[in-house]
Amino acid sequence: MNETVQIFSIPSNPSGIHTIESIIESCCYEQPKFSKELYGNILIASTEAFANAVNHGNKNDESKFVHFEVEVAENYVQFIISDEGEGFDYENLPDPTLPENIMKETGRGIFIMKSLSDEYEFLNQGKTVRLKFNL
119 MNETVQIFSI
129 PSNPSGIHTI
139 ESIIESCCYE
149 QPKFSKELYG
159 NILIASTEAF
169 ANAVNHGNKN
179 DESKFVHFEV
189 EVAENYVQFI
199 ISDEGEGFDY
209 ENLPDPTLPE
219 NIMKETGRGI
229 FIMKSLSDEY
239 EFLNQGKTVR
249 LKFNL
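Numbered per the numbering used here, the sequence shown spans residues 119 to 253.
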């Protein structure tokens, strides 16, 4: 199988999550190595990344876009999600598993992305996250 890359620019609106879901579903159906568990991990981690880009990166500014890149290769699938915001300090995040953070309603998205992906990386001062899943 050859590597394929697709790039999408999605308006910074929470309803764009449906577009992300459709993109993920399409790429999973094309790859015979996808399990239901892997599909679920990809769906949850990628939609968390999109939601963070809309809410925190672009600050719900509908004039901005979330850029979503999908790379499907023989042994992995990778998603690169970028916003048009100012970035953030991804190296100093509160641990959502600490007792003082357990009951907070926010602060788990990055923890979820890290837990569900095989590799993750923040780039571009935190404006971009790369999520890689091994097949």
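We put the beta carbon where it would ideally sit given N, CA and C, even for glycine.
State yes or no: is the C-beta of residue i within less than 7 Å of the C-beta of residue j?
i: Tyr208; j: Lys250; result: no
i: Gly205; j: Glu166; result: no
i: Ile142; j: Ile160; result: yes
i: Asp201; j: Lys245; result: yes
i: Ser127; j: His174; result: no
Where DSSP assigns a beta bridge to residue i, which residues make up the other side?
i: Tyr238; result: Leu249
i: Pro129; result: Phe183
i: Glu189; result: Val123 and Gln196
Can you round the beta-carbon distance between residue i and residue j to whole angstroms, since I take them to be within the 8 Å contact cut?
i: Glu237; j: Ala191; result: Not a contact, Cβ separation roughly 13 Å.
i: Ala163; j: Ile230; result: 6 Å
Give the single residue among the options whose Cα lies nearest to the Cα of residue i.
i: Ile125; options: Ile138, Pro132 and Asn252; result: Ile138
i: Gln243; options: Gly203, Gln196 and Pro150; result: Gly203
i: Asp213; options: Thr246, Ser233 and Gln196; result: Ser233
i: Ala171; options: Asn252, Lys222 and Pro129; result: Pro129
i: Val247; options: Thr224, Lys222 and Ile199; result: Ile199
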